[in-house]
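Asks: Before we start, here is the structure in question, set down as structure tokens.
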Amino acid sequence: MLKLKQYRDAAVGLPDLLNYALMPDEGIVQGKDGSLMASWYFRGEDMGSSTAQELAQLSARLNHALVQLGSGWMIHVDAIRQYARSYPPLCPFPDRTTLVIDAERRVQYEHEAAHLESVYAMTLTYLPPKVAETKIAGWIYSGKKNDTEGMAGRILNNYKNALMDFESAISGVLKGRRMRATEHTDGVIGHYAGGAAYTLDEQLRFFNYCITGEDRPVRLPSVPMYLDALIGNQPLLTGIEPQVGDKHIAV
């Protein structure tokens, strides 16, 4: 029997550097280190005309929502600049004045150069304590060595409950939409009408965009594992001019 170890490529690729592992539940990604991640797209109110007191109240409410999370939590906020869509199509107006105002805005918009808009995303990550520490704490406080419910299931359920509490706490401050999966069906596949059903996941699409710079739909596998290879399917070039795929990384 031949030893194949010497023929295997030991080089580290982009998937090896990514932490994404699997999706234990809808809208939740689990990392290789056991962390759990959920993401939202969000928009805040226009604070340009807000008073100092209103800003202080907003800050206090957000701070209260974050403090309730406790230890082991981390929040990422990303701002994505992307090209804006064309001007909205013409629609009825209540009077000629507003119609003329919108017509002037349309002409100005179409004669200007490319327009950009910001899309804001937020990812809430929880890194559970080490398994050994959790087991010891459970034995000390419960006195039971055999747990009927798996530890992974308890951690996942607690995380989902924390997500609901967090969404409730920030609902009056930010307008957010959870990144989730959507079901789709192909039109016609071969001789079969109706095609095959598949799932597109918003969170994986967002992660893929952040890593590769390519905004494309990401199909969720029937067995949602090995997400690092699914998302990081681009060559990584290191050195003085790092590059992912055909896109350079600003440093």
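Here our numbering is used: position 225 in the sequence shown is 214, and no number is missing along the way. Cβ atoms here follow ideal geometry from the backbone N, Cα and C, with glycine treated the same way. A quick note: this is a predicted structure, and the numbers were derived from the prediction, not measured.
1) Going by the DSSP bridge assignment, what does I159 pair with across the sheet?
2) How far does the alpha helix (DSSP H) with R94 in it reach, from first residue to last?
3) CA-CA distance, G179 and F82?
4) Would you say E101 faces chain B, with C-beta separation under 8 Å as the test?
5) P81 lies in the beta strand (DSSP E); which residues open and close that run?
6) Select from G161, I90, R95, Y30 the residue whose C-alpha is nearest the C-alpha of Y109.
7) If you reduce the DSSP assignment to three classes, tell me which class Q71 lands in.
8) Under the DSSP definition of a beta bridge, which residues are partnered with R167?
9) With a 10 Å radius around its C-beta and 16 neighbouring C-beta atoms as the bar for buried, classify M26 as buried or exposed.
10) Measuring straight from C-alpha to C-alpha, what distance separates D154 and G33?
11) DSSP state of G142, grouped into three classes?
12) T114: which of G61, R94, I159 sits nearest, CA to CA?
Replies: Here's the rundown:
1) Paired residues: none, contrary to the question.
2) 85 to 100
3) Low confidence applies to G179: its pLDDT is 49, below 50, so where it sits in the model is not reliable, and the reading given next is rough at best. C-alpha separation (whole angstroms): 48 Å.
4) The structure shown contains no chain B, having only a single protein chain.
5) No beta strand (DSSP E) holds P81; DSSP gives it neither H nor E.
6) Y30
7) strand
8) W29
9) buried
10) 19 Å
11) helix
12) G61
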